[in-house]
Amino acid sequence: MESTPRIASREGRLGVLLPGLGAVATTVLAGVEAVRQGLAQPFGSLSQMNTIRLGKRTDERSPLIRELVPLAELPQLVFGAWDPIAADAYDSAVDAGVLDRHRHLDPIRDYLKSVVPMPAVFDTAYVKRLDGPNKKRADDKMALAEALREDIRRFKVENDCDRLAMIWCGSTEIFLRAGPAHATPEAFEDALRASDPAIAPSMIYAYAAIMEGIPYANGAPNLSGDLPALEELARRRGVPIAGKDFKTGQTLMKTILAPGLKARMLGVSGWFSTNILGNRDGAVLDDPESFKTKEESKLGVLDYILQPSMYPDLYGDIFHKVRINYYPPRGDDKEGWDNLDIFGWMGYPMQIKVDFLCRDSILAAPIVLDLALFLDLASRAGLSGIQEWLSFYFKSPQCPEGLYPEHDLFIQHWKLKNTLRWLAGEDQITHLGREYYAE
Ligand SMILES: NC(=O)c1ccc[n+]([C@@H]2O[C@H](COP(=O)([O-])OP(=O)(O)OC[C@H]3O[C@@H](n4cnc5c(N)ncnc54)[C@H](O)[C@@H]3O)[C@@H](O)[C@H]2O)c1
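For the sequence shown, my numbering assigns the number 36 to the initial residue and increments by one for each residue that follows.
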């Protein structure tokens with residue numbers, strides 16, 4: 036196996052830059068500050084709460100992940116953001132309506148008020164259902180990238196940061212396919228200079244981050260860093276990247292249930308998923324072009340987990356449908372229904388109904404925190420390019436060309452932990468367990 040890399044010190048401040056200061060981003064900021072002040076617990080975060088078994092079951096060695104690998108600690112984090120809507124993090128959090136204003140926002144009001152978004156690279160051609168005045172203006176897209184790079188450098192100096200990480204928490208952009216402008220770093224830079232419409236704002240942020248040597252993750256389903264040009268650039272510049280689309284809500288449930296059904300060789304003839312949600316994200320996804328981006332991201336999951344080409348009798352004929360309906364009265368409190376038509380022994384049909392009354396941003400916030408800390412670790416360990424071990428956090432995990440993405444939550448979890456064991460110089464866990472029965 037590849038030797039364990041040396042990991043640079045975690046000392047100093049880690050700046051976490053978030054393009055998009057909406058529901059998810061403000062829930063992350065408020066939660067991290069509340070935990071720092073001892074007002075809340077970081078439920079849902081592996082980096083803060085999960086243990087990791089080392090050695091044999093009889094060894095009884097299960098430290099916390101953050102005791103095994105040198106992750107940055109919460110007091111070291113400094114947050115920055117960009118958003119075309121000029122509201123500070125307090126006003127934006129009140130508007131998002133995820134957290135209770137009196138119980139959870141007012142006690143940390145001063146802190147949230149202090150996070151004011153920088154002017155965004157934003158274009159309504161790519162996100163049609165919202166707009167705001169807090170935008171950068173420049174002659175071409177390369178100049179916009181330069182302006183972002185300047186923001187990054189200024190933020191680092193003004194906040195006395197030793198290093199940075201960037202996580203896209205901006206809106207879902209319209210559906211775009213990777214094309215010639217995205218094929219190589221050189222073609223991408225030409226396209227930036229020519230302000231090619233194939234270059235969406237989220238790609239400009241990803242480019243700026245990679246050029247500044249900052250790890251980048253994409254929490255939305257739009258392409259952003261998921262392009263051959265930017266993957267190659269990240270490798271060349273030694274920058275870790277990951278994406279895309281935070282795995283929360285319905286897809287999280289799907290990637291928990293589907294591996295279980297497949298493990299038992301139970302067939303699936305239909306899987307109908309529908310949602311109602313009423314937040315700003317729901318309004319953006321009400322635009323058919325943004326919904327298409329999301330739909331592609333949600334639909335791929337079952338095919339990869341169930342492998343219909345390998346099991347045509349069980350999964351060759353699935354009817355899979357995903358719907359998202361914008362329904363303002365629910366705000367951020369989404370409701371997702373799933374109807375599964377499954378079959379077992381001799382083809383006898385059965386049904387499973389799931390009604391998940393979930394809170395999207397509550398599920399997404401710990402993902403953002405974990406990604407910032409793990410990507411920072413990856414960067415200090417000298418890892419670069421796609422970090423597939425972070426697939427656990429994504430609906431559409433990025434992987435190299437020619438390889439299929441791993442969607443099964445349990446395999447992803449195992450992969451994440453084995454990577455942490457490898458980084459810490461510990462043995463991999465295979466679960467073979469012959470040693471417990473040795474004569
Ligand atoms: N909440 C979840 O569970 C979840 C899960 C998966 C993916 N996502 C994705 O995460 C993203 C954020 O979700 P949210 O609920 O916070 O949405 P939101 O609408 O509350 O916030 C998004 C913010 O991004 C801003 N924005 C849009 N384009 C921008 C740009 N070019 N630069 C800077 N800011 C920009 C918007 O003004 C808005 O304030 C969405 O794309 C969503 O699809 C969320």
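Note that the Cβ used here is the ideal one computed from N, Cα and C, for glycine as well.
Since S304 is in the beta strand (DSSP E), which residue starts that stretch and which ends it?
302 to 312
Give me the Cα-Cα distance between V389 and N314, rounded to the nearest whole angstrom.
22 Å
Under 8 Å Cβ to Cβ from G90, same chain only, skipping five residues before and after it: list those, please.
Spatial neighbours of G90 in its own chain (CB-CB distance under 8 Å, excluding positions within 5 residues in sequence) are listed in chain order as R96, E461, D462.
Can you tell me which of G214, D123, K279, G371 puts its alpha carbon nearest to the alpha carbon of V357?
G371
With a CB to CB cut of under 8 Å and the five nearest residues on each side skipped, what residues in its chain are close to Q72?
P142, I143
Does G278 pass the burial test, meaning 16 or more other C-beta atoms within 10 Å, or should it be called exposed?
buried
On the three-state DSSP scale, how would you describe V133?
The answer is coil: DSSP assigns V133 none of H, G, I, E or B.
Going along the chain, which residues of its own chain have a beta-carbon closer than 6 Å to the beta-carbon of L262, five neighbours each way excluded?
A213, H217
Could you check whether the Cβ of I202 sits closer than 6 Å to any heavy atom belonging to ligand 1?
No, since every heavy atom of ligand 1 falls outside the 6 Å radius drawn around the Cβ of I202.
Going straight from the alpha carbon of T290 to that of H442, what length do you get?
7 Å
Is there at least one non-hydrogen atom of ligand 1 closer than 6 Å to the beta-carbon of R315?
yes
Roughly how many angstroms lie between the CA atoms of R272 and I245, to the nearest whole one?
Just so you know, the alpha carbons of R272 and I245 end up roughly 7 Å apart.
Unbroken alpha helix (DSSP H) run spanning E370, endpoints:
That residue, E370, is in no alpha helix (DSSP H); its beta strand (DSSP E) goes 368 to 378.
Meets three-Cβ-pair contact criterion under 8 Å: the region 121 to 130 and the region 147 to 158:
yes
Just grab the DSSP bridge partners of T61 for me.
DSSP, once it has assigned bridges, lists no residue as partnering T61.
In terms of residues, what are the limits of the beta strand (DSSP E) holding F114?
112 to 117
Which residues DSSP lists as bridging D390, in chain order
W372
Can you tell me whether W380 is buried or exposed, with buried defined as 16 or more other CB within 10 angstroms of its CB?
With a 10 Å radius around the Cβ and a threshold of 16 neighbouring Cβ atoms, W380 comes out exposed.
Would you list the one or two residues that DSSP bridges to A233?
According to DSSP, A233 bridges with nothing at all.
Taking the beta carbon of Q386 as the centre, do at least 16 other beta carbons fall within 10 Å, making it buried, or is it exposed?
exposed
The region 204 to 211 contacting the region 318 to 325, beta-carbon criterion three pairs below 8 Å
yes
Throw me the rounded Cβ distance for the A269 and G420 pair, which I believe falls under 8 Å.
5 Å
Using three-state DSSP, classify K430 as helix, strand or coil.
coil
Considering only the beta carbon of each residue, do L49 and L99 sit closer than 7 Å?
no
Among T283, P363, D175, E330, whose alpha-carbon lies nearest the alpha-carbon of L444?
T283
Compare the C-alpha of A160 against each of P232, A180, L140 and name the closest.
Out of P232, A180, L140, P232 has the C-alpha closest to the C-alpha of A160.
With 7 Å set as the bound, which would you pick, yes or no: does the beta-carbon of T61 sit closer than that to a beta-carbon of chain D?
You won't find chain D in this structure, because it holds only one protein chain.
Which residue's Cα is closest to the Cα of I87: K452, R172, G248, G417?
When only C-alpha atoms are compared, the closest one is K452.
To the nearest angstrom, how far is it from the Cα of R45 to the Cα of P105?
6 Å
Buried/exposed call for D118, threshold 16 Cβ in 10 Å
Buried.
From R164 to A58, what distance separates their C-alpha atoms?
For R164 and A58, the distance between alpha carbons rounds to 16 Å.
Beta strand (DSSP E) runs wholly inside the region 68 to 123, at least 3 long, in chain order:
Within the region 68 to 123, the runs of beta strand (DSSP E) at least 3 residues long that lie entirely inside it are, in chain order, 112 to 117.
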